[in-house]
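**Student:** Numbering (this note's numbering), first residue to last: 1 to 87. Heads up, the beta-carbon is just placed ideally off N, CA and C, and yes, glycines get one too.
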Amino acid sequence: MLVDMLEEVYKDIESEKAASTPPTDPAADDMAKALAESNKKVEELKNKIDKLASAGSSIEATNNKEPEDGTENKNESEETKNEDQNT
Numbered sequence: 001m002l003v004d005m006l007e008e009v010y011k012d013i014e015s016e017k018a019a020s021t022p023p024t025d026p027a028a029d030d031m032a033k034a035l036a037e038s039n040k041k042v043e044e045l046k047n048k049i050d051k052l053a054s055a056g057s058s059i060e061a062t063n064n065k066e067p068e069d070g071t072e073n074k075n076e077s078e079e080t081k082n083e084d085q086n087t
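The structure is reproduced here in structure tokens:
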């Protein structure tokens with residue numbers, strides 16, 4: 001008797017869950033997964049671009065920095081050589 005009542009309550013609960021859960025579309029689920037994966041790849045690429053831009057800025061700053069020993073910057077000496085050869 002008690003078991004029968006519990007089974008009935010359990011069935012009622014399961015039917016309520018089924019009624020409140022929207023039906024799922026497998027194609028929509030696949031598209032959502034693909035979109036999430038694509039967004040993750042985009043974020044990874046953005047991070048790589050940021051790292052490369054940061055490294056490029058660092059290299060550029062290093063190349064444009066005046067040497068502490070009083071000698072010419074390598075880029076400047078190359079430019080001077082090219083200008084001298086052109087004249």
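Taking the straight line between their C-alpha atoms, what separation do you get for E8 and E44?
**Tutor:** On the sequence shown, residue 8 is found 8 positions in, with the first residue counted as 1. On the sequence shown, residue 44 is found 44 positions in, with the first residue counted as 1. Straight-line Cα distance between these residues: approximately 52 angstroms.
**Student:** Which residues bound the alpha helix (DSSP H) around E37?
**Tutor:** Residue 37 sits at position 37 when you count from the first residue of the sequence shown. 26 to 64 is the extent of the alpha helix (DSSP H) around E37.
**Student:** Between the alpha carbons of L6 and D12, how many angstroms are there, rounded?
**Tutor:** Locating residue 6 in the sequence shown gives position 6, where the first residue counts as 1. Locating residue 12 in the sequence shown gives position 12, where the first residue counts as 1. Taking the straight line from one Cα to the other gives about 10 angstroms.
**Student:** Within a Cβ cutoff of 8 angstroms, which residues of the same chain sit near Y10, ignoring the five residues on either side of it in sequence?
**Tutor:** Your numbering for residue 10 matches position 10 in the sequence shown. The answer is none, since no qualifying residue turns up.
**Student:** In whole angstroms, what is the alpha-carbon distance linking T24 and T62?
**Tutor:** Counting from 1 along the sequence shown, the entry for residue 24 is found at position 24. Counting from 1 along the sequence shown, the entry for residue 62 is found at position 62. Taking the straight line from one Cα to the other gives about 57 angstroms.
**Student:** DSSP state of M1, grouped into three classes?
**Tutor:** Here residue 1 corresponds to residue number 1 of the sequence shown, with the count starting at 1. Here M1 sits in coil by DSSP.
**Student:** Look at the alpha carbon of A28 and the alpha carbon of E37, and state the distance between them as a whole number of angstroms.
**Tutor:** Within the sequence shown, the letter at position 28 stands for residue 28. Within the sequence shown, the letter at position 37 stands for residue 37. Those two C-alpha atoms are separated by around 14 angstroms.
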